[in-house]
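Contents: one structure, followed by commentary.
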Amino acid sequence: MKLSRNTFFFFAGAAFSFALVKAMQLSGMLTPYWQLVLDQALIIVIGALGLSIIYGFTGQFSLGHAAFYGLGAYTAGALDKVYGNGNMLFFFLSLLAGAAVAGLVALLIGMPILRLRSDYLGIATLGFGIIVRVGMENGNKLFPVLGGATGMSGTPQVADFDLIFILTLIVILLVRNFIFSTYGRACTSIREDEIAADVMGIDTTRYKVMAFVLGCALAGLAGGIYAHRYPFLHPASFDFLKSFDFLLIVVLGGLGSMTGTIVTAVGWVFLLEVLRVVLGQNFIDWRGVIYALILVVSIIVRPQGLFSGKELRLLVPDHLKMVTGKEHTHAGSGN
Amino acid sequence: MEHFLEQVLNGLQLGLMYALIALGYTMVYGVVQLINFAHGDVFMVGAFLGYFGFAVWGLPLPVAILTAMVACALLGVIIERVAYRPLRYAPKIAALISAIGVSLFLEYFSSLKFVFGPNYRVVPRPFPEVQWNIAGLSVSNIQVIVFVVVLFMLILLQILIYRTKTGMAMRTVAVDHNAARLMGVNVDTTISITFAIGSAFAALGGVLYAIAYPQIHPFMGIMPGLKAFTAAVLGGIGIIPGAVLGALIMGQVEILTSAYISSQMRDAIAFAILILVLLVRPTGLLGRTETEKV
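Each protein sequence line maps, in turn, to chains A and W.
Note that our numbering has the first sequence beginning at 1, numbered continuously upward.
Note that our numbering has the second sequence beginning at 1, numbered continuously upward.
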């Protein structure tokens, strides 16, 4: 197999980042605490790429992304808690199960509600997220393993940085290949103008559902990894505020840009932790205030997002000319 | 039967309060097509200011309510100026993110110790609660007050929108900003007025809520705000009677679910009904379907 140039640089960049992290681990610069933050950032990258497919590339305004993240986390976590004993094979199977459950639920809910437009779709998915949260809070009545409103613990913590890094890499490649495939093009055309896409013979329903299922399955996968990295799952971690997190990462990064989503996801997770350190114990109450101010100021300064529609070269397959170089100013919520 | 009717009354009380908040959402949406996520937090600020007014500063109740309404109207105008106006011609999603930011700002800023503080506060009753027995049905004076006040405000709003020049300007801006500007309407002022009225209504809703369910804290606005917004969508966002209808349905669903099924299920069932309604009528109960042009 001949490796194309950009793909080669992609892997070279990945190997370099991996080596850098390892070197920082060995030299003690990366404390276990910051390692945890880095792992969290990579998990968020996976979930945010899912929303990027749904909203950034297909233009379907979803405010319920965290629900699928939670479905994946609870499914994978509960399976491994009951059947797995730190067995690696079982870990991967449970991740797949988490992604599959999230994807399946997305298929069932997506087929009817993706007919809704813009804000109406947003509020319907938000409502779905709240229904899932109520389900998580009462899940222990059906399956005591799930812990209900008090949260669930006991999942074997087998996901380490190496595994998470490799999984993130696989997901980035997968999303890249999807975005630049015929399917991805069809999705982008739906974002730009759904009616025109329909007229051009694109089965819009099929592609919207496909993007939604794929994006939600990625959220489920991210959730599954989360369950194996953080010992405690709680319904409140997967409610609509968490969905806003994914949304603002995708929007601040720039709709229709994988680069933007990845950079913003990592930046955002680190920003929150850096704020904790910078503010110190005396001003910790100000963290939420400053977080909110940064959010408002950055969106006012750059309403089209950090990388609106632009992509780093190494994320673009070689055989394609750069078609995404133009800055979008109106990649709006599909209406 | 009496029990059922009493629950319906409770649902009516809650629904009318949701209506006060939903009106602000629907008016702002009608005029600038923005989901003002910070609206629920303006409601919270209103509840706190009302509480401080009559319980801490010792103002008479109507004065306290008026103070809260004026202050929140001002707050609404400032929010629009600072966070939404710079984004009026940006993608819609940018303004929504800004709204989420403002919402978080109000919540966390209010939680600071020198502002409202992070704790729950118990609101003392400004007047004793009285239960009247009307035809075997127990009705409290708070329910009557909520009913009268909300009805009065609804009539006032109806007059304002359909009988005054300001109302006509609002309706014009809702149809088309640019055409309104060409017709000599000051679009910026009209939008500010819309935010002021919506926020004042939310503040009134907040004070009534604090009197009826006497416990307040800086994050209390999230759920009522979300429910009221859902109510506005349920009725057809941008349509004022729709907001009231949606709010009344939400109130009934919530109270009846709590009473007859389980109080834990009430949010789930309320939102399940929303999704079902949207599937049948994608623009809400009273929403018009617009034909789309390519």
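The C-beta atom is built at its ideal place from N, Cα and C for all residues, glycine as well.
These numbers were taken from a predicted model, which means no experiment stands behind them.
Between the CA atoms of residue j and residue i - distance to the nearest angstrom
i: Trp268 of chain A; j: Leu275 of chain A; result: 11 Å
i: Ala62 of chain W; j: Glu311 of chain A; result: Correcting the residue identity first, residue 62 of chain W is Pro in this sequence and not Ala. Their backbone Cα atoms lie some 58 Å apart in a straight line.
i: Phe48 of chain W; j: Leu96 of chain W; result: 25 Å
i: Leu248 of chain A; j: Ala99 of chain W; result: 11 Å
i: Gly254 of chain A; j: Thr261 of chain A; result: 7 Å
i: Leu173 of chain A; j: Thr264 of chain A; result: 18 Å
i: Ala270 of chain W; j: Gly136 of chain W; result: 30 Å
i: Ala325 of chain W; j: Pro224 of chain W; result: Because chain W here runs from 1 to 294, residue 325 of chain W falls outside it and cannot be looked at.
i: Thr283 of chain W; j: Gln40 of chain A; result: 38 Å
i: Tyr69 of chain A; j: Ser298 of chain A; result: 26 Å
i: Ala268 of chain W; j: Leu30 of chain A; result: 43 Å
i: Ala210 of chain W; j: Gly58 of chain W; result: 16 Å
i: Gly256 of chain A; j: Gln158 of chain W; result: 43 Å
i: Gly13 of chain A; j: Val251 of chain A; result: 25 Å
i: Gly223 of chain A; j: Ala100 of chain A; result: 12 Å
i: Val296 of chain A; j: Ala64 of chain W; result: 31 Å
i: Val123 of chain W; j: Leu142 of chain A; result: 38 Å
i: Ser118 of chain A; j: Ala159 of chain A; result: 37 Å
i: Leu20 of chain W; j: Met250 of chain W; result: 13 Å
i: Met111 of chain A; j: Gly64 of chain A; result: 15 Å
i: Ala124 of chain A; j: Ile275 of chain W; result: 6 Å
i: Leu177 of chain A; j: Leu87 of chain W; result: For clarity, residue 177 of chain A is Asn in the given sequence; the question names Leu instead. Distance between the alpha carbons of Asn177 of chain A and Leu87 of chain W is about 34 Å.
i: Leu160 of chain W; j: Leu204 of chain W; result: 17 Å
i: Val294 of chain W; j: Ala196 of chain A; result: A caution first: Val294 of chain W carries a pLDDT of 49, below 50, which makes its placement in the model unreliable, though a value can still be read off. Approximately 7 Å, taken between the alpha carbons.
i: Val277 of chain A; j: Pro32 of chain A; result: 15 Å
Nearest neighbour of residue i, chosen from the options [CA to CA]
i: Ala236 of chain A; options: A:Gly151, A:Trp286, A:Phe270; result: A:Gly151
i: Ser138 of chain W; options: W:Arg288, W:Val280, W:Met1; result: W:Met1
i: Tyr120 of chain W; options: W:Gln215, W:Gln13, W:Gly287; result: W:Gln215
i: Phe43 of chain W; options: W:Arg88, W:Gly15, W:Leu75, W:Trp57; result: W:Leu75
i: Leu337 of chain A; options: A:Asp193, A:Asp239, A:Val171; result: With chain A covering 1 to 335 only, the question about residue 337 of chain A has no answer from this structure.
i: Gly40 of chain W; options: W:Pro282, W:Phe229, W:Met183; result: W:Phe229
i: Gly47 of chain A; options: A:Leu306, A:Leu272, A:Ile164; result: A:Ile164
i: Leu71 of chain A; options: A:Gly201, A:Arg115, A:Ala97, A:Ile202; result: A:Ala97
i: Arg229 of chain A; options: A:Ala124, A:Leu38, A:Val101; result: A:Leu38
i: Gly101 of chain W; options: W:Ile142, W:Ala38, W:Pro118; result: W:Ala38
i: Leu51 of chain A; options: A:Lys242, A:Leu306, A:Asp203; result: A:Lys242
i: Pro32 of chain W; options: W:Val56, W:Thr194, W:Pro218; result: It is worth fixing the name first, because residue 32 of chain W is Val in this sequence and not Pro. Among W:Val56, W:Thr194, W:Pro218, the Cα nearest to that of Val32 of chain W is on W:Thr194.
i: Thr166 of chain W; options: W:Val185, W:Glu80, W:Arg266, W:Gln7; result: W:Val185
i: Ile155 of chain W; options: W:Pro241, W:Ala55, W:Tyr84; result: W:Pro241
i: Ile35 of chain W; options: W:Ile255, W:Glu80, W:Asn141, W:Phe127; result: W:Glu80
i: Ala83 of chain W; options: W:Leu106, W:Thr67, W:Ala68, W:Leu66; result: W:Leu106
i: Leu169 of chain A; options: A:Tyr83, A:Ile202, A:Ile44; result: A:Ile44
Beta carbon of residue i nearer than 7 Å to that of residue j
i: Val253 of chain W; j: Ile273 of chain W; result: yes
i: Val175 of chain A; j: Leu49 of chain A; result: yes
i: Ala73 of chain A; j: Ala227 of chain A; result: yes
i: Tyr25 of chain W; j: Val289 of chain A; result: no
i: Arg191 of chain A; j: Gly59 of chain A; result: yes
i: Gly129 of chain A; j: Phe240 of chain A; result: yes
i: Val77 of chain W; j: Ser192 of chain W; result: yes
i: Ala22 of chain W; j: Ala243 of chain W; result: yes
i: Leu315 of chain A; j: Met258 of chain A; result: yes
i: Ser199 of chain W; j: Ala73 of chain W; result: yes
i: Phe337 of chain A; j: Ala19 of chain A; result: In this structure chain A extends from 1 to 335, so residue 337 of chain A is not present and cannot be described.
i: Val173 of chain W; j: Val187 of chain W; result: yes
i: Leu234 of chain W; j: Gly246 of chain W; result: yes
i: Leu167 of chain A; j: Ala78 of chain A; result: no
i: Ala202 of chain W; j: Gly46 of chain W; result: yes
Burial state of residue i, where buried means 16 or more other Cβ atoms lie within 10 Å
i: Leu279 of chain W; result: exposed
i: Asn133 of chain W; result: exposed
i: His3 of chain W; result: exposed
i: Met136 of chain A; result: buried
i: Phe246 of chain A; result: buried
i: Pro303 of chain A; result: buried
i: Leu194 of chain A; result: It should be noted that the sequence gives Glu, not Leu, for residue 194 of chain A. The residue in question, Glu194 of chain A, is buried, as its Cβ has 16 or more Cβ neighbours within 10 Å.
i: Gly11 of chain W; result: buried
i: Ser27 of chain A; result: exposed
Contacting residues, own chain, Cβ-Cβ under 7 Å from residue i (five flanking each side not counted)
i: Asn138 of chain A; result: Gly148
i: Gly154 of chain A; result: Lys81
i: Gly103 of chain A; result: Val213, Cys216, Ala217, Gly220
i: Val146 of chain W; result: Gln13, Leu16, Met17, Leu208, Ala212
Close beta carbons around residue i, own chain, < 6 Å, minus the five adjacent residues each side
i: Thr188 of chain A; result: Phe57
i: Pro317 of chain A; result: Phe180
i: Tyr29 of chain W; result: Ile237, Gly238
i: His217 of chain W; result: Tyr120
i: Asp198 of chain A; result: Thr204
Cβ shell of residue i (< 8 Å), same chain only, five flanking positions each side left out
i: Gln35 of chain A; result: Gln25, Phe161
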